[in-house]
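When we follow this note's numbering, the leftmost residue of the sequence shown carries the number 187, and every step to the right adds one.
C-beta: ideal position from N, C-alpha, C; glycine also.
Being a predicted model, the structure only gives us computed values, none of them experimental.
Contents: one structure, followed by commentary.
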Amino acid sequence: MHHQQTKTPYLLTWLLVISLTTMGSHADPKSSGSSVANQDNTAMPQAAETIEELEPGATLQVPVDSNMSLVHVGSNDSFATTPEGNQAARDLFDAINAYHRGELELAGEKARSARALYDEIIPRENYGGEYTALQWFCDYLLADQAGREQMTADPFVNEFFRMYGGNDFAVLQEYLKRKYRVATIGDEDSLAGQERKIYLEDTILFNNPRRETWEHTSELMALLDLRPGLRIADVGAGPGYYSFRFADRVGPDGQVISIDTVAEHLAYVDRTMQRLGVHNIRTIQTDGKSLGLNGEKVDAVFLCSLYHNIYAMSTAPARDAFVNAIKDALTADGLLYLADNGLVPRGVLPYHGPYVAKQLIVGQMLNYGFELVRQHQHIPQRYLLVFKKAGQDASARSAAADTPNRQAVADANLLSATVR
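Written out as structure tokens, the structure is:
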């Protein structure tokens, strides 16, 4: 590891160098051209500067030019509470109760107060979190009947509202109590209470009606080569946010397999399938070490905001089993779509949740026998890596591979060979 002081006082840029030697291959420093000095002054292989230059024995360099960790898991996908977040939750809770009592003026006042707080704190506290979903409920309370019908016109959004807004917002109030302690339930600190809170939080994070506003989901979907008739495994599907979008893309002749470890999430998917009349999704519950496909092959495997947990928290045997299960499930020309949260350039609002530097994933997957086909950065906070099994034909690829990335951050190379 090397460091170099920049022109900015007290600001250091470090360079993490990771060997990408793939299975059965080793780099020869003498034949690798120019090199980077190691700590003992021996030469290391030249770093690849672009994705296309990645070869066995290359070195992958990760610029560390901010105080962000390369990997952050935190409390395992739970967004921490803050004083202002707690106040906004209390205002929303009070707005719901006032609405129930028929005190519409007070309900509107509290809903507007919560909404204004969310406007203020979302940019600095909770990018990509649940605040936009809670703000959506504020707007629902403030809307007239026509506005409410418009907000729930999408059948998938309506299912979300049925869960949290049905029965006088009973489940939403329960969640505000469990997460923000706006009132006492009694079992908040028990194992069952914590598991219930995690389930409710995950469902809000997954199926947030305003997820598009921060994730630009439609742009991410446009990068996936999904055609009618394809079979795709949505691994870590949760309550089905992507599964139902995939089902629409692959059509009645295709199939989506929603895979998760949480039975309640899959039950949500099953209920939603029945209510929406969707017939090309099926669910599989697994232990997280396999995909549960029992030898079936799929054309694509999709993971979104999941692999950071595998990378940072799994034991080596568990990770080996999981990644090898993906390889075994893919057809010869199948693709692995891996979307996750990553580092952002200095001065750009980071994703306020778990993330992992994409270079670390690329290096690990190369050593597992995958090849990187392409990468996209449709927003600064989230990237998409597309892999195929090493040695397989990559000729059938989507035109999305040639689509320019929208954000300026995508102009930077995935791999950096010099200290910035």
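Note on geometry: alpha-carbon atoms of G271 and A302 lie some 11 Å from one another. Boundaries of the alpha helix (DSSP H) harbouring E398: 397 to 401, taken from the DSSP string. In terms of Cα proximity to Y427, the closest of K475, I445, R287, Q563 is I445. D526 places its beta carbon less than 8 Å from that of S491. Linking G352 to R367 through their CA atoms gives a straight-line distance of about 21 Å. For L516, the closest of G555, P503, A502, L406 by C-alpha to C-alpha distance is G555. Judged by beta-carbon spacing, F279 lies within the 8 Å limit of Q359, meaning their Cβ atoms are closer than that value. At least 8 Å separates the beta-carbon of L529 from that of P309. Note on H562: 16 or more other CB atoms within 10 angstroms of its CB, so buried under the neighbour-count rule. A straight-line Cα-Cα distance of about 39 Å links P503 and V343. According to the DSSP assignment, L571 belongs to the beta strand (DSSP E) that extends over 568 to 575. Beta-bridge annotation (DSSP): V509 is not paired with any residue. For Q550, DSSP assigns no beta-bridge partner whatsoever. For S444, the enclosing beta strand (DSSP E) starts and ends at 441 to 446. For the stretch 267 to 330, not one full-length beta strand (DSSP E) segment reaches 3 residues or more. Around the beta-carbon of I371, fewer than 16 other beta-carbon atoms lie within 10 Å, marking it exposed. By the criterion of at least three beta-carbon pairs nearer than 8 Å, the stretch 559 to 576 is in contact with the stretch 400 to 417.
Closest by C-alpha distance to K483, out of Q441, Y523, C324, is Q441. Selection K296, G463, L410, Y313 evaluated against W400 yields Y313 as nearest (Cα-Cα). Here N527 is bridged, per DSSP, to R568.
The three-state secondary structure of R364, taken from DSSP, is helix. Comparing alpha carbon positions, the residue from T469, S376, M337 closest to A419 is T469.
Annotation: the continuous beta strand (DSSP E) that includes A486 extends over 484 to 490.
Bridge pairing for L406: absent [DSSP]. Taking E557 as the centre and dropping the five residues before and after it, the same chain places the C-beta of F573, K574, A576 closer than 7 Å to its C-beta, in chain order. Sequence-distant Cβ neighbours of L362 in its own chain, meaning closer than 7 Å and more than five residues away, are A275, L278, F279, V368. Under DSSP, no beta-bridge partner is assigned to E450. Within the model, the alpha-carbon separation for H451 versus D373 is close to 21 Å. Straight-line spacing of the CA atoms in Y497 and T267 works out to 25 Å. Between the stretch 382 to 391 and the stretch 407 to 416, the count of Cβ pairs shorter than 8 Å is below three; the stretches do not touch. One Cα belongs to M254, the other to G474, and the distance between them is close to 28 Å.
For A543, the closest alpha carbon among the candidates Q247, V257, L246 is that of V257. Taking C-beta atoms as the reference points, A281 and K296 count as a pair closer than 8 Å. Remark: C-beta atoms of V421 and L489 approach each other more closely than 8 Å.
Counted as a single uninterrupted DSSP element, the beta strand (DSSP E) harbouring A419 occupies residues 417 to 421. By the beta-carbon neighbour count (other beta carbons within 10 angstroms, threshold 16), H538 is buried.
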